[in-house]
Structure formats: structure tokens, C-alpha cells
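As numbered in numbering that gives the first Met the number 0, residues 0 to 475 make up the sequence shown, in order. I have placed the structure first, in the form of C-alpha cells, so that the comments after it can refer back to it.
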Amino acid sequence: MRSLSWKLGGALLLIVVVSVGLMAYLTNRSTAREFRQYVMQGNIIHAQLAAESLGEYYAQGQSWQGVQGILPQFLMMGGERLVVVDSSGVVVGDTGRVWLGETEARLGLSGGEPVIVSGREVGRVYVLAPSTDGMMGMMSGGMMGRGMMGNGSPTVVTTAEEQFFSRVNRSLWVAGLVAAAVALLLGLLLTRQITRPVRALTRGARQISKGNLDYRVKASSKDELGELVQSFNSMAASLAGSEQARRRLTADIAHELRTPLTVIEGTVDGMLDGVFPPDSEHLTSIKEQTALLTRLIGDLRDISLAEAGQLKLERAPTDMVELVRRKLAQVEVKAQEKGVALKLEAHDKVPEINVDYMRIEQVITNLLTNAIYHTPAGGSVTVSIGTVDADREHQVSNPSLAISVADTGEGIAPEHLPHIFERFYRVGDSRARSEGGTGLGLAIVKHLVQAHGGKVWATSQAGKGSTFTVALPLNA
Ligand code: ADP
């Protein structure tokens with residue numbers, strides 16, 4: 000469950016340990032190198048100074064006699080060991096006292112600082128670590144032990160120097176550990192910072208999956224995680240929106256179905272109870288209601304297919320003028336009954352367009368029926384067909400074929416205009432259900448046109464008439 004924290008924390012710890020360890024190791028090495036260099040220089044100078052003074056001592060007595068007695072005064076920090084050998088390599092002075100009488104060769108000493116008196120080498124001086132105690136045991140005094148400089152002077156690290164070095168080393172490790180601790184602390188804070196919103200999101204996802212669609216996660220930062228939280232919230236909001244729409248649709252359908260069913264039931268009950276005679280008037284009423292139910296179910300099927308994006312279009316090159324002409328012929332009788340004139344205005348040479356004939360026919364039928372229905376006697380309905388270029392205002396981005404159906408009817412008030420393409424939206428109770436108004440006509444028009452990659456829009460002036468325009472891309 001907390002594996003992200005562990006993974007992040009572990010990775011961080013590893014980075015800190017590796018980098019601090021590496022840093023300490025490298026610093027240690029370079030400090031050691033620098034330090035050794037420094038000590039060597041010091042020892043060379045020390046050996047040279049001692050050689051000079053011992054030369055003076057030798058010059059006075061022309062021998063090494065008594066040198067053991069004066070050696071301690073040449074010790075500098077008190078931690079090192081001075082060894083003097085005569086010209087034949089025999090140890091004549093040793094502040095450590097144990098090598099007196101030994102030979103350079105046996106001790107494995109070489110390259111001491113020569114003591115020159117009157118141009119003659121009378122002996123050699125070695126500056127050694129105090130614990131250097133025997134054959135080839137020079138290394139035992141410390142990590143540097145005996146070293147040889149280019150000029151052959153032996154160099155050693157004395158206890159004081161060792162102590163200094165180990166102090167440096169210790170502070171280095173302490174600094175490293177403090178850095179590691181601080182890095183770890185910061186790392187933990189950072190990990191918390193990352194895991195907190197992730198955990199909040201997990202909680203949110205659980206709530207949503209339980210159906211609590213109103214649950215929102217609080218955004219705590221403005222970084223990518225904050226963005227993720229925001230996207231999560233907007234996803235939850237759109238889920239809630241869809242759920243609400245689904246519920247509304249179910250309620251709408253129930254409502255729409257109930258009305259004709261109530262009429263049918265009432266009429267049948269009336270006939271059964273002898274209130275209405277079972278004559279053709281009442282039977283026609285029942286038939287109209289069942290026809291409305293059939294239409295409603297058909298419309299609902301179309302709209303649900305369209306909304307689910309499952310409308311399969313069977314496109315074929317279509318002569319739109321011919322299609323509209325046929326449609327006009329079909330509604331002619333109805334228009335004449337109402338006293339509405341039908342007109343067609345088609346520009347010459349309207350290009351063929353690749354559409355699903357049946358679907359577009361349904362679009363034109365819905366628009367024409369609406370127009371005729373909403374136009375009073377004496378008015379007219381005019382269909383115009385022509386090509387148009389891209390049109391920003393109506394979001395038409397390609398050259399299109401525009402088919403507009405204009406009527407001189409009652410028009411649509413501006414407050415209703417933006418909603419008329421919504422399913423079940425009706426302006427007042429403008430079209431009695433018995434006359435076929437399901438409130439789905441324009442919603443279906445919109446979906447079918449959109450499935451063709453086109454656009455549909457309406458303009459209207461209340462009292463003067465409305466114009467519905469469908470734009471279908473020419474190059475589909
Ligand atoms: P219905 O099938 O009930 O007519 P529609 O979706 O076709 O539903 O239309 C929605 C609403 O738009 C209708 O209630 C109607 O008032 C309005 N409407 C549609 N076409 C016209 C028009 N040509 N003139 C005036 N109002 C219209």
C-alpha cells in the first residue's frame with residue numbers, strides 16, 4: 000500500500016548514501032594525498048635542517064661521538080624519530096635508541112639526507128615515524144609510514160600529524176553523516192509531498208467507483224500532480240454530468256411514453272365502460288397515439304445510436320437538388336392543405352455530395368415538416384441550395400453545400416433559440432404530440448448532420464420566420 004513511499008524513500012536513501020560515501024571517499028583520498036605531500040615537504044626541510052646542524056656538530060669534533068646526546072634537540076614536533084648513520088652506514092644516533100650499532104642495510108634504510116662536511120659525506124639523517132621499529136617495519140607507524148621523495152629523503156607521518164589527519168577524517172565523516180541526515184529528512188518531506196496527492200486521488204477514485212460522483216479531490220499544488228488532481232476532478236464532473244443526463248433522459252422518455260399511453264388507456268377504458276362509442280373517431284385517436292409511440296421509439300433509437308456514435312453512414316454521391324425536390328413533392332399536399340407555398344431556389348450546377356441519402360432525407364423531412372407546421376396559411380417555405388466557403392461564425396471550416404429551409408412562420412424567441420436542438424426541448428407546447436411532435440426532431444437533425452461532419456444552425460425573428468441551415472462538407 001505504501002510501496003510508493005518506500006520506493007521513493009529507498010531510492011533517495013540510496014542516492015544519499017552513495018553520493019555522500021563517494022564524496023567522503025574522494026575527499027579523503029585527495030586530502031590524504033595533499034597531506035602526505037605537505038608532510039613530506041616538512042620532513043625534507045626537517046631532515047635538511049637537521050643534516051646542516053649535525054654537519055656543524057661533526058665538523059667540531061670530526062666524529063659522531065656523543066651525537067646520541069644531542070639528537071633530541073633536533074626533534075621538531077616531538078612525535079618523530081631521528082636516526083643518524085655514519086659514512087659506513089652504522090647507526091650512531093637514534094632518538095628511538097633501539098637501532099644504535101645496527102647498519103643501514105640491515106634496517107633496510109635508504110636515501111637519507113646526506114650530512115656534508117667540507118664537501119665530504121660523513122653520514123646520513125633519517126626522519127622516521129616514532130613507531131618504526133625494525134626491518135622493513137617502516138609502514139607500521141601509520142597509514143603513510145615511510146616514503147621516499149624524489150631526492151631520496153625518507154618521509155614519515157608523526158603521531159601529531161596522524162592525529163591531525165584522523166581529526167580531518169572524522170570531521171569529514173561527521174559532515175557526511177549530517178548531510179545524509181539532512182538529505183534524508185528533505186527526501187522524506189518531498190516523498191510525503193508527492194504521495195499525499197496520490198493518496199488523495201486514490202481515495203477519490205474509490206469514492207467515484209462507489210458512485211459518489213460529487214466527490215472532489217482538493218488540489219494542494221500547482222505542479223503536474225495538481226494538474227492531475229484537476230483533470231481527475233473535471234473527469235468526475237463530466238461523469239456526474241453524464242449520469243445526470245442519463246437520468247434526465249430516462250425520466251424524459253418515461254414522461255413522453257406516458258402521455259400517449261394515458262390517452263390510449265383512457266379512450267379504451269371509456270369505450271369499455273360505454274362512455275365513448277367504439278367509433279372511427281375514437282379508434283383513429285388510438286391509432287394516432289400508437290403511431291406517435293412508434294415514431295417516438297424510432298426517434299429514440301436513432302438518437303441513442305447517434306449519441307453513442309454508432310450511426311453507420313452509407314455514403315454515396317447524391318444530387319441534393321433532386322433529393323430536396325422529391326421531398327418537396329412529398330409534403331406538397333400537406334402544405335397545400337395549410338395554404339403554405341413551397342419554393343426551391345437552387346443555384347446552377349450544384350455539385351454532387353457524398354452523403355447517406357436516407358439520413359439526409361430524414362434531416363430535410365424534419366426541417367420541412369417543422370417549417371410547414373409553424374407557418375400559418377398564406378406564408379411560404381423556401382429551400383435554397385448553394386455552395387458556401389468556410390464560415391467562422393457557424394464553425395464551418397470547409398467549403399460546404401448549404402441547404403437552408405426558411406419559413407415565414409411564427410419564429411422562435413431568442414431565449415428558446417439556443418435550446419431547440421436539445422432533445423425533448425419544446426417551445427411551449429407548440430406542437431401537440433398527436434401531430435407528431437416528439438421534441439426529438441431537431442436533436443436528430445443535429446446528430447445526423449454532425450455524423451456527416453457538417454453543421455446545422457437556426458436564425459429566427461419572432462413573428463417573422465425562421466431559417467434553418469445545414470452545411471455539409473463538399474469534400475467528404
Ligand atoms: P418537435 O418534434 O416537437 O417539433 P423539434 O425538435 O423538431 O421538436 O423542435 C423543437 C422546438 O423547436 C419545437 O418545440 C418548436 O417550437 C421549435 N421549432 C422547430 N422548428 C421551428 C420553426 N420552423 N419555426 C418555429 N419554431 C420551430
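Every residue gets a Cβ at the ideal spot worked out from N, C-alpha and C, and that includes glycine. The model shown is predicted, which means the values in this text are computed figures rather than measured ones.
DSSP state of D388, grouped into three classes?
DSSP places D388 in coil when its eight states are reduced to three.
Is I402 near the ligand ADP, going by C-beta to nearest heavy atom under 7 Å?
Using a cutoff of 7 Å, the CB of I402 does not count as near the ligand ADP, since none of the ligand's heavy atoms is closer than that.
Quick check on this structure: which residue in Q361, G111 and N42 has the alpha carbon closest to the alpha carbon of K326?
Residue Q361 is the option with its Cα nearest to K326.
Helix, strand or coil: which one does DSSP assign to T190?
Secondary structure at T190: helix, using DSSP grouped into helix, strand and coil.
Assign V216 to one of three DSSP states: helix, strand, or coil.
Of the three classes helix, strand and coil, the one that applies to V216 here is coil, per DSSP.
In angstroms, rounded to a whole number, what distance separates the CA positions of V476 and A475?
The structure shown does not extend to residue 476, since the chain spans only 0 to 475, so no value can be given for it.
Report the rounded CA-to-CA distance for H281 versus R391, giving the unit in angstroms.
Approximately 52 Å between the Cα atoms of the pair.
So, at 7 Å on beta carbons, what are the nonlocal neighbours of G88 in its own chain, with the 5 sequence-adjacent residues on each side left out?
These residues qualify, in order along the chain: T102, E103 and A104.
Alpha carbon to alpha carbon, how far is T317 from K221? Give it in angstroms, no decimals.
In a straight line, the C-alpha of K221 is about 53 Å away from that of T317.
Go to L127, then tell me how far its beta strand (DSSP E) extends in each direction, as first and last residue.
Note, L127: beta strand (DSSP E), R119 to L127.
Please report the distance separating the alpha-carbon of W5 from that of L185.
Cα-Cα distance, rounded: 15 Å.
Can you name the start and end residues of the alpha helix (DSSP H) that N365 belongs to?
Its alpha helix (DSSP H) spans residues Y356 to H373.
Would the segment 169 to 177 count as touching the segment 20 to 29 if we require 3 or more Cβ pairs under 8 Å?
Touching, yes, given that three or more Cβ pairs across the two stretches are closer than 8 Å.
Can you give me the start and stop residues for the beta strand (DSSP E) that F467 sits inside?
According to the DSSP assignment, F467 belongs to the beta strand (DSSP E) that extends over G464 to P472.
List the residues that DSSP assigns as beta-bridge partners of P500.
Missing from the structure shown is residue 500; the chain here goes from 0 to 475 and no further.
Burial state of V97 (16 or more Cβ within 10 Å)
Exposed: under 16 other Cβ atoms inside 10 Å.
Identify, in the order they occur along the chain, each residue of the same chain with its Cβ nearer than 7 Å to the Cβ of T374, setting aside the five sequence neighbours on each side.
Excluding positions up to five away in sequence, the list reads V339, V380, D406, T407 and G408.
Proximal residues to G92 (C-beta, below 6 Å), its chain only, five neighbours per side dropped:
Closer than 6 Å at the Cβ level, and outside the excluded window around G92, lie V66, Q67, L70 and V83.
Are the CB atoms of E490 and A46 nearer to each other than 8 Å?
There is no way to answer for residue 490, as the model of the chain reaches only from 0 to 475.
Looking at G378 and the ligand ADP, is the gap between the Cβ and the nearest heavy atom below 7 Å?
Relative to the ligand ADP, G378 has its C-beta separated by 7 Å or more from all heavy atoms.
Less than 8 Å separating the beta-carbons of V349 and M319?
Yes.
Kindly indicate which three-state DSSP category A58 falls into: helix, strand or coil?
Here A58 sits in helix by DSSP.
Between which two residues does the alpha helix (DSSP H) containing V89 stretch?
Premise fails: V89 is in no alpha helix (DSSP H) and is neither H nor E.
Apart from the five residues on each side of it in sequence, which residues of its chain come closer than 8 Å, Cβ to Cβ, to M270?
The residues are P276, P277 and H281.
Strictly by DSSP, which residues pair up with D406?
V380, per the DSSP bridge assignment.
Opposing strand residues paired with L400 [DSSP bridges]
Beta-bridge pairing links L400 to T386 and L471.
How is Q229 classed by DSSP in three states: helix, strand or coil?
Correct three-state label for Q229: helix.
In angstroms, rounded to a whole number, what distance separates the CA positions of G151 and Y125?
Because the pLDDT at G151 is just 39, under 50, the model does not fix this residue reliably, and the point stays unresolved.
For K454, does the count of other Cβ atoms within 10 angstroms reach 16, so buried, or fall short, so exposed?
Burial call: buried.
Label L355 either buried or exposed according to how many other C-beta atoms from any shown protein chain fall within 10 Å of its C-beta, with 16 as the threshold for buried.
The question names Leu, yet the displayed sequence has Asp at residue 355. Buried is the call here.
Buried versus exposed call for T154 [16 or more other C-beta atoms within 10 Å across all chains shown]
Residue confidence is low: T154 scores 45 on pLDDT, short of 50, so the model does not pin down where it sits. Its coordinate-derived value is still stated next. Label assigned to T154: buried.
Cutting at 7 Å between CB atoms, please list the residues of its own chain near I371, excluding the five before and the five after it.
Excluding its 5 nearest sequence neighbours in each direction, I371 has C-beta neighbours in its own chain below 7 Å: V330, K333, A334, K337, V339 and V380, listed in chain order.
Just list the alpha helix (DSSP H) runs in the segment 227 to 310, keeping only unbroken ones of 4 residues or longer that don't cross its boundaries, in chain order.
Runs found: 279 to 306.
Does the ligand FMN have a heavy atom nearer than 7 Å to the CB of V469?
As for the ligand FMN, it is missing from this structure, which binds only the ligand ADP.
Nearer than 7 Å: is that true of the beta carbon of S465 relative to any heavy atom of the ligand ADP?
Yes; taking the cut-off as 7 Å, the Cβ of S465 has a heavy atom of the ligand ADP nearer than that.
State yes or no: is the C-beta of E373 nearer than 7 Å to some heavy atom of the ligand ADP?
Note on identity: in this sequence residue 373 is His, with Glu being the wrong assignment. For the ligand ADP, at least one heavy atom lies less than 7 Å from the Cβ of H373.
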